[in-house]
Structures are given as structure tokens and as C-alpha cells.
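Note sheet for the following structure.
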Amino acid sequence: MVQERPHTFTGLGRGFLAAGVVLAITGQVLGFEDIVRVGVLLLALAIGALLFARRPAPRLDVRRVVTPPTATPDERAEVEVTFTNVDTRSSRLYLAEERIDYVLGDRPRFVVARLEPGAARQVRYVVRSHLRGRYQLGPVTLTQRDPFGLTHVTRALTSTDELLVLPRVIPLGASHPPGSGVGNDGETPQMIALHGEEDVSIRNYHDGDDLRKVHWPATAHRGQLMVRQEDRPARRSALVLLDSRTSAHAGTGAASSFEWAVSAVASVLVRLDELGYRSQLITREALRASHTDLIERSTPQMIEDLASAELGADEDFTQVLSAALDQVAAGGLAVAVVAAGDQDTAIELAGLRQPGAAALGFVLDPATFAHARRDDAVDAAPSEAARRVRDQLAAAGWRVVIVHAKLPVLDAWTTVTNKALVQVGSL
1 MVQERPHTFT GLGRGFLAAG VVLAITGQVL GFEDIVRVGV LLLALAIGAL LFARRPAPRL
61 DVRRVVTPPT ATPDERAEVE VTFTNVDTRS SRLYLAEERI DYVLGDRPRF VVARLEPGAA
121 RQVRYVVRSH LRGRYQLGPV TLTQRDPFGL THVTRALTST DELLVLPRVI PLGASHPPGS
181 GVGNDGETPQ MIALHGEEDV SIRNYHDGDD LRKVHWPATA HRGQLMVRQE DRPARRSALV
241 LLDSRTSAHA GTGAASSFEW AVSAVASVLV RLDELGYRSQ LITREALRAS HTDLIERSTP
301 QMIEDLASAE LGADEDFTQV LSAALDQVAA GGLAVAVVAA GDQDTAIELA GLRQPGAAAL
361 GFVLDPATFA HARRDDAVDA APSEAARRVR DQLAAAGWRV VIVHAKLPVL DAWTTVTNKA
421 LVQVGSL
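Just so it is clear: in the sequence shown, position 401 is 401 by UniProt numbering, and no numbers are missing.
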């Protein structure tokens, strides 16, 4: 679709118009016909240029290809813009400007040369964002002047595309939550949903079967060789929730507590996927999109969802907690990345941990993120609000770490998954 703005005179065009009127009137008053002719000529040039600019412009189509289509913070992405003349007439020379978010850099400007019918031209530019998000590319604005530079017309080709910048994912090493290790030789494998032994079924022996899998009791009972058929065990389940309360978070930009939380959630989801967990992400956006209604989302899809995560009202987080309680009722690992807040919220959050299941809590101390650029942000003791939330969760059996502005995600994960950790309340 094309939106065309009114044709207007340039500064030079307005000068020609004004000079023509003045000269024509002055020459008429003084009786100098030559001056009148000059004035009329200037007026004719200005009006003629305006009529020339009002001609219907040939139709142009614009398409973009973004490489890569999804990027990570600070990663460069190349945008190839193709202009195609889909009209039966040749196009004009245009000055083009692509509208992009200021986070991606300066707006690209380039010249689109004259195109014959059916011809196409490609231009490329590079964008980069240090913040996650969904960024619109376009529309592109085309500006054309007449040969004398007296008028200009602006057209907007309204088609747009999108660049998706994913949250920053931090590799979390080899550590894992309690109870998620795979059994070694001589141990009962732990690849089960919550508790229990590996699923095993018995079948007849077939040529080529491993003799070590012969099930001797069943063989003796049936009088023929029977072997164990080890079914793939059910995947362990995990619930991951993100606190998006505007009132609880602090800081701005990439150094804010909310951006730390989003990066931590994305990193945890990737690590749990590596460990074979079937994870469920609950955020305010997920609730609105009904992703929590027993619809399984893959880890890449959840990471893409996090790219659009935004701060919201306290009521939104109340709904997140309510949905989390429903989802975790069947058991499984609970992971919460929350900002220190009121005691009632901490009590409700503590109830997410089910008997016999593990729960990991990352309690962000907003006070340190509010002064993230100051060296004393790390040296300051945890705030009273952060300590209260930590103690409430620890008393309910959670493994908890208080997060200050300078604490890396990897260090926080290593702390809450430390096997030697006994007294979580001491963190």
C-alpha cells in the first residue's frame, strides 16, 4: 500500500513563486514589460513544476529479507531491501529513508535509481540492538523532486517487516537442579517425571537382542527367552515463572532488574531443556495468549515469547501466581525469578513448592539495580524486603539466592543448584 502526502513547494519553489508575483506586479505598475515577462516566467516555472509533480507515480513494491531473522543482543543483522517497479511506466529517481526504531541505529538513507518496468534494485543496511524486543522495519519513505528542485512529493510504502531480538541466554554450565541427575551404572535411573522407577516392559526375544537384557524370571515362568524393553521414561516437568510487576522492579535499559530476570529465565529454560525437562513458562503475556492452558510450548518458542515480555500491573502477577499454583499441583520443579516485594506475595509464592519436589528462587534486590552504575551497589547489604522474601521461601524448602545488580546469572544458578547447599536460609 502507498500513502502519498500533498505535493509542496521547496524553499526554492516558494522563492520563485514570490519573486514571480512581485516582479509581475512591479513591472505592471512601472510599465516595464520585460520585468512582467520575467515575473510571468518564474510563475510559470513554479506552477509547471507543481503540475509535473502531481503526475501519478509508477507503482513500486518493496520487500525485505533479514539475515538472520532472529538475533541476539549486540548481534549485527543485515537487511536487504528490494524495490521492484510493478508498473508499466519507468519510475523516477527517489531519495529513500527507512523508518526503524532508534534502538537499532540511525535511519538508513539511500538513493533508488530510475527503474524500468519490471526491474528491481537491492539496497542493504545493517542494524544492531543491545536490547531484546520485536522491532519494526519500515515503512520506507520515498521523496522525489522535480528537475528544477522547485517541488517535492513524499510517498510512504507502508509494508513493514520485523526483526526479533531474543533475550540474552547465558550458558549455565554442568550444574543441575536437585534430583535431575541421570543414574550411573548400578543406580536407578532418575529420568522420571517425579519419583519412581524406570518404565520397563517384557517381550519375546528376537535375533540380535542384547543377551544382557534377558529377563530371567519371565523366561523361567514362560519357558522361552524374554527380554526387557525399556521404554523412554516420561520427561520431568518444570514450571518457570517471571515476575513482571512494574512496582517491584528498578533500573533502566539493559541494566534493569527486569532485563536480568528475563535473561535468567531464558537461560534456565535452555538449561532445563538440555537436562530433558518439559518446561512450562508462565508470564503475563503467556496468560493473555492462553499458552498456559495445557498447551506445550517448545523451548525456542518460549524464548521468542520472552523477547516481547514487558512490565505490567501487580494484578497481572497475581494471575501468574494463580495459574502457577494450578499447573504445579501435579508436582515438578518450580523456578521463580522474582523481585523483592510484599510479604503476602512471598507467602503465596512459597506455596508453589510441592512435597518431595525441588524449588529454586532468584530474589532480585531492586535497591541495588536502582544504583547499578555505582560501585557501592554490590557492597550494600541486601534490603529488608529481599531478606524477608528469601527467608519466607527458604522456610518453605526453597533453595534461594538474593540477586544484586552485579551478580552474573551463572553465579546465581550455581548457588541455587549447589549440591553442598544445606541451609538455604543462610544465602
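Just so it is clear, CB atoms sit at the ideal spot from N, CA and C, and this is done for glycine as well.
Is the beta carbon of residue i sitting closer than 7 angstroms to the one on residue j?
{"i": "Ala-261", "j": "Val-337", "result": "yes"}
{"i": "Ala-46", "j": "Leu-17", "result": "yes"}
{"i": "Ala-250", "j": "Phe-110", "result": "no"}
{"i": "Phe-359", "j": "Ala-334", "result": "Residue identity differs from the one stated: residue 359 is Ala in this sequence, not Phe. Result yes, Cβ atoms of Ala-359 and Ala-334 sit closer than 7 angstroms."}
{"i": "Val-165", "j": "Ser-267", "result": "no"}
{"i": "Leu-163", "j": "Val-270", "result": "no"}
{"i": "Leu-137", "j": "Asp-106", "result": "no"}
{"i": "Ala-49", "j": "Thr-151", "result": "yes"}
{"i": "Ala-19", "j": "Leu-41", "result": "no"}
{"i": "Val-112", "j": "Val-62", "result": "no"}
{"i": "Ala-254", "j": "Leu-131", "result": "yes"}
{"i": "Ser-175", "j": "Thr-414", "result": "yes"}
{"i": "Thr-88", "j": "Ala-120", "result": "no"}
{"i": "Thr-219", "j": "Leu-211", "result": "no"}
{"i": "Gly-331", "j": "Gln-354", "result": "yes"}
{"i": "Val-36", "j": "Gly-27", "result": "yes"}
Among the candidates the options, whose CA atom is the shortest distance from the CA of residue i?
{"i": "His-206", "options": "Arg-37, Gln-392, Arg-228 and Gln-28", "result": "Arg-228"}
{"i": "Thr-57", "options": "Ala-358, Val-409 and Ala-156", "result": "Checking the sequence, you will find Ala at residue 57 rather than Thr. Selected option, being the one with the closest Cα: Ala-156."}
{"i": "Thr-417", "options": "Arg-203, Ala-405, Arg-399 and Pro-300", "result": "Arg-399"}
{"i": "Pro-147", "options": "Ala-367, Thr-10 and Ala-264", "result": "Thr-10"}
{"i": "Ala-53", "options": "Met-302, Val-320, Val-265 and Val-153", "result": "Val-153"}
{"i": "Pro-171", "options": "Ala-385, Gly-361, Ser-322 and Val-265", "result": "Val-265"}
{"i": "Glu-296", "options": "Leu-306, Leu-281 and Ala-307", "result": "Leu-281"}
{"i": "Ala-381", "options": "Gly-361, Ala-405 and Ala-396", "result": "Ala-405"}
{"i": "Glu-116", "options": "Val-86, Asp-101 and Ala-96", "result": "Val-86"}
{"i": "Ser-244", "options": "Asp-391, Gly-276, Pro-366 and Asp-74", "result": "Pro-366"}
{"i": "Phe-317", "options": "Pro-300, Leu-349 and Ala-174", "result": "Leu-349"}
{"i": "Pro-69", "options": "Ala-24, Arg-128 and Val-21", "result": "Arg-128"}
{"i": "Glu-304", "options": "Ser-263, Pro-217, Arg-14 and Gln-343", "result": "Ser-263"}
{"i": "Ala-24", "options": "Asp-209, Asp-34, Gly-39 and Ser-159", "result": "Gly-39"}
{"i": "Gly-118", "options": "Leu-211, Thr-84 and Asp-101", "result": "Thr-84"}
{"i": "Gly-149", "options": "Ala-385, Gly-332 and Gly-15", "result": "Gly-15"}
{"i": "Glu-97", "options": "Glu-259, Met-226 and Gln-144", "result": "Gln-144"}
{"i": "Arg-64", "options": "Phe-32, Trp-216, Ala-307 and Ser-159", "result": "Ser-159"}
{"i": "Ala-248", "options": "Gln-354, Thr-8, Met-226 and Asp-342", "result": "Asp-342"}
{"i": "Asp-344", "options": "Gly-31, Gln-392 and Asp-411", "result": "Gln-392"}
{"i": "Ala-357", "options": "Asp-326, Gly-397 and Glu-384", "result": "Gly-397"}
{"i": "Arg-114", "options": "Leu-142, Val-214 and Asp-101", "result": "Leu-142"}
{"i": "Asp-74", "options": "Leu-51, Leu-104, Ile-100 and Arg-99", "result": "Leu-104"}
{"i": "Glu-259", "options": "Ala-307, Asn-204 and His-215", "result": "Ala-307"}
For the putative contact between residue i and residue j, defined by C-beta atoms under 8 angstroms, what is the C-beta separation to the nearest angstrom?
{"i": "Ala-309", "j": "Leu-242", "result": "6 angstroms"}
{"i": "Arg-134", "j": "Thr-72", "result": "Actually they do not touch by this definition, with Cβ atoms about 14 angstroms apart."}
{"i": "Ala-346", "j": "Val-401", "result": "That belief does not hold up - the Cβ atoms of Ala-346 and Val-401 are roughly 15 angstroms apart, past 8 angstroms."}
{"i": "residue 442", "j": "Ala-324", "result": "Within the shown structure, residues of the chain are numbered from 1 to 427, placing residue 442 beyond reach of any answer."}
{"i": "Arg-278", "j": "Gly-312", "result": "Contact doesn't hold; Cβ gap of about 26 angstroms is too wide."}
{"i": "Gly-276", "j": "Arg-236", "result": "6 angstroms"}
{"i": "Val-320", "j": "Leu-287", "result": "7 angstroms"}
{"i": "Thr-246", "j": "Asp-273", "result": "In fact, because the Cβ distance is near 29 angstroms, the residues do not count as touching under 8 angstroms."}
Distance cutoff 7 angstroms, beta carbons only. Does residue i sit that close to anything in chain C?
{"i": "Val-403", "result": "Of the protein chains in this structure there is only one, and it is not chain C."}
Can you find a heavy atom of the ligand FAD that lies under 6 angstroms from the Cβ of residue i?
{"i": "Arg-353", "result": "With respect to the ligand FAD, the structure shown offers nothing to examine, as it has no ligands at all."}
**OP:** Starting from the N-terminal side, write out each stretch of the alpha helix (DSSP H) that is 4 residues or longer and does not extend beyond the segment 385-418.
**Re:** You should have 409-416.
**OP:** Please confirm if the segment 55-69 is in contact with the segment 84-92, defined as three or more CB-CB distances below 8 angstroms between the two stretches.
**Re:** Touching, yes.
Subject >> Whole beta strand (DSSP E) elements within the segment 134-167, 3-residue minimum >> reply: Qualifying beta strand (DSSP E) stretches, in chain order: 151-157 and 161-165.
Original post:
Counting Cβ pairs closer than 8 angstroms, one from the segment 116-133 and one from the segment 77-89, do we hit at least three?
Top reply: Taking 8 angstroms as the limit for Cβ pairs, the verdict is that the segment 77-89 does touch the segment 116-133.
Original post:
Residue ranges of each beta strand (DSSP E) run of no fewer than 3 residues wholly in the segment 54-120, ordered along the chain?
Top reply: If one requires a minimum length of 3 residues, the beta strand (DSSP E) runs lying completely within the segment 54-120 are 60-67, 76-85, 94-100 and 109-112, in chain order.
Original post:
What are the start and end residues of each continuous alpha helix (DSSP H) run of 4 or more residues lying completely inside the segment 229-295, in chain order?
Top reply: Taking only runs of at least 4 residues, the alpha helix (DSSP H) segments lying wholly in the segment 229-295 are 257-274 and 284-288.
Original post:
Which parts of the segment 336-366 are runs of the alpha helix (DSSP H), unbroken and 4 residues or longer, counting only runs that do not cross its ends?
Top reply: You should have 343-350.
**OP:** Pick out the complete alpha helix (DSSP H) segments inside the segment 301-331, 4 residues or longer, and give them in chain order.
**Re:** Listed in chain order, they are 314-328.
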